[in-house]
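Notes follow the structure.
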Amino acid sequence: MAALEKSYQLKMKQFVKIKARLDKQYEAAFEEDNDDLMSEIEAKIIALKEPESFDKKEIYVNDSTIEALTLCAESSPSGLAVVRDEASGLLAIFEQAARTHERSIYLEGYNAKRTSYTIRRIGRDDVVLPQLFINMLGGIQPDMLRGMIQSALCGKMNDGFLERVLQMSVYPESKKRTLTDFKVSPEAEQSIIRVYSVLAQLDTPHDPFAFKFDHVAQAKWTKWSEEALRDEQNSSKELLSYHAKRTEHCAKLALIFHLIDEASKSSINSVFNPNLKISVESLNRAMIWMRYLRSHAYRIIESAKCANTEQSPASILLRHLPDLDGQFTKSQLSTKGWKNFKTSEQRNEAVEVLLRHGYIKEARIFVDSSTKDVKGYIIHPDFIQK
Numbered sequence: 001m002a003a004l005e006k007s008y009q010l011k012m013k014q015f016v017k018i019k020a021r022l023d024k025q026y027e028a029a030f031e032e033d034n035d036d037l038m039s040e041i042e043a044k045i046i047a048l049k050e051p052e053s054f055d056k057k058e059i060y061v062n063d064s065t066i067e068a069l070t071l072c073a074e075s076s077p078s079g080l081a082v083v084r085d086e087a088s089g090l091l092a093i094f095e096q097a098a099r100t101h102e103r104s105i106y107l108e109g110y111n112a113k114r115t116s117y118t119i120r121r122i123g124r125d126d127v128v129l130p131q132l133f134i135n136m137l138g139g140i141q142p143d144m145l146r147g148m149i150q151s152a153l154c155g156k157m158n159d160g161f162l163e164r165v166l167q168m169s170v171y172p173e174s175k176k177r178t179l180t181d182f183k184v185s186p187e188a189e190q191s192i193i194r195v196y197s198v199l200a201q202l203d204t205p206h207d208p209f210a211f212k213f214d215h216v217a218q219a220k221w222t223k224w225s226e227e228a229l230r231d232e233q234n235s236s237k238e239l240l241s242y243h244a245k246r247t248e249h250c251a252k253l254a255l256i257f258h259l260i261d262e263a264s265k266s267s268i269n270s271v272f273n274p275n276l277k278i279s280v281e282s283l284n285r286a287m288i289w290m291r292y293l294r295s296h297a298y299r300i301i302e303s304a305k306c307a308n309t310e311q312s313p314a315s316i317l318l319r320h321l322p323d324l325d326g327q328f329t330k331s332q333l334s335t336k337g338w339k340n341f342k343t344s345e346q347r348n349e350a351v352e353v354l355l356r357h358g359y360i361k362e363a364r365i366f367v368d369s370s371t372k373d374v375k376g377y378i379i380h381p382d383f384i385q386k
């Protein structure tokens, strides 16, 4: 709220300045009895819109009916976040026969298309939104997500909702908890608040900025997107829709990193005018995040296929990939003696899963000091190091 208030004050200051200048110009035209100039200035004054007060905007909601949510979105054309500490309750709503339409509204909002969205209901006033932007933020237990994943994989609810959920989701590893007591750095906290305060000035939904890569970033983006398209073509059926959204996802992440960098360099007391060229540094960060998020998306998908995913053969092999020196054979795996990894069926299942998702690739390799190559598997470079 403080960020919005600061943004509103800056916009109001700029509005008053422009209005005063036009008023002075109008008075001068009146003194000169210049009717044409007076009409021109008068048109500019009429077209000048006073900034909307910050207290009229909704930034996020925790819980609401879909009808109330769309009314909130009407007052916040720049976007609205639905924040749920436990998202399972919201997902359960989508399964209710009388409320399945709400899922489609969330899908429309996530697409963030710059087109109007009209809602008509008998007994209620029409709601016409110039554009509908909705994001979701929250956590969920893996068991609660498993049903949605399985429904999507078997084609029952394969409407793209799962792929959108996967884009920024992470699946933390189970580790021993340790208690900590660290105070949040006041400098870091103030830095974050300042960045958000500056970014709040970008509230121009009907007159958006147009960003593009600089020439170095564009060349790297073109090469990366071609590789991403090849990954999509070679993807398994269950991950095809996820891969299809990765190029757009990467570009959006690069823009976010760019805006954060620009905001951190901008004064909170001046109008924010970011550089419209996205640098290769921002793109590099986005690509690193894409690798990280892809590994978690694969883990989340696999979690739906095993009652105890942490102990599934594929998860066990995945955890041990850094220990295998970049390559291995099935014969070598048979000597490891890992729990739930002792039968040939378990090892074959694990290898098949990791092959399907791109963690490993089948190849002819040389083992130890042998001069004869054998059938084996090369590990993807992203998963060689611990």
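Residue 1 is where the sequence shown starts when you use the UniProt record's numbering, and the numbers rise one by one after that. Ideal Cβ placement from N, Cα and C applies to all residues, glycine included. Predicted, not measured: the structure shown is a model, and the values here were computed from it.
Look at the beta carbons and you see the segment 141-160 not touching the segment 178-198: under three pairs across the two are nearer than 8 Å.
The three-state reading of DSSP puts R21 in helix, counting H, G and I together.
Unbroken alpha helix (DSSP H) runs of no fewer than 4 residues, entirely contained in the segment 164-239, are found at 186-199, 215-233, following chain order.
For Q218, same chain residues with a beta-carbon under 8 Å away, outside a window of 5 residues either side, are K212 in chain order.
Rounded to the nearest angstrom, the gap between the Cα atoms of G358 and F15 is 54 Å. In the three-state reduction of the DSSP assignment, Y60 falls in the strand class. For D85, no alpha helix (DSSP H) run applies; the uninterrupted beta strand (DSSP E) run containing it begins and ends at 80-86, by DSSP.
The Cβ-Cβ distance between P313 and F272 does not fall below 8 Å. In this structure, K265 keeps its C-beta atom at 8 Å or more from the C-beta atom of D214.
In this structure the segment 105-121 does not touch the segment 231-244; the number of beta carbon pairs closer than 8 Å is below three. Between A286 and A263, the C-beta gap is not smaller than 8 Å, which leaves the two residues out of contact. Separation of V127 and E74 (C-alpha to C-alpha, rounded to the nearest whole angstrom) is 8 Å.
A straight-line Cα-Cα distance of about 16 Å links S303 and Q167. The three-state secondary structure of R121, taken from DSSP, is coil. Of the other Cβ atoms in all chains shown, fewer than 16 fall within 10 Å of the Cβ of R230; this residue is therefore exposed.
Separation of R291 and D125 (C-alpha to C-alpha, rounded to the nearest whole angstrom) is 46 Å. A distance below 7 Å between beta-carbons, with the five flanking residues on each side excluded, links F94 to the following residues of its chain, in chain order: T100, E102, R103. Taking the Cα of Q311 as reference, the smallest distance to any Cα among I301, Q327, K339, T335 is reached at K339. The residue from Q327, S315, N275 with its alpha-carbon nearest to that of R299 is S315. For L129, the enclosing beta strand (DSSP E) covers residues 127-129.
A check of alpha carbon separations from I378 across T371, L355, S369, K372 identifies L355 as the nearest. Selection V82, L293, L179, K11 evaluated against P172 yields L293 as nearest (Cα-Cα). Taken atom to atom, the span from the alpha-carbon of A363 to that of G376 is near 5 Å. In this structure, the CA atom of A251 is about 13 Å from the CA atom of A210.
A distance below 8 Å separates the beta carbons of K19 and L48.
With at least 16 other beta carbons inside 10 angstroms of its own, I41 counts as buried.
For the pair K336 and W224, the Cα-to-Cα distance works out to about 37 Å. Taking the Cα positions, G160 is about 49 Å away from S370. Straight-line spacing of the CA atoms in A28 and I46 works out to 18 Å. Approximately 6 Å separates the beta-carbon atoms of Y106 and I134; this is inside 8 Å, confirming the contact.
Taking C-beta atoms as the reference points, V351 and K330 count as a pair closer than 8 Å. Taking 8 Å as the cut-off, the beta carbon of D207 is found no closer than this to the beta carbon of S78. Here Y359 carries a coil assignment [DSSP, helix/strand/coil]. Of the candidates I122, L10, I301, the residue whose Cα lies closest to the Cα of P51 is L10.
Excluding sequence positions up to five before and after K361, its CB lies within less than 6 Å of the CB of I378, all in the same chain and listed in chain order.
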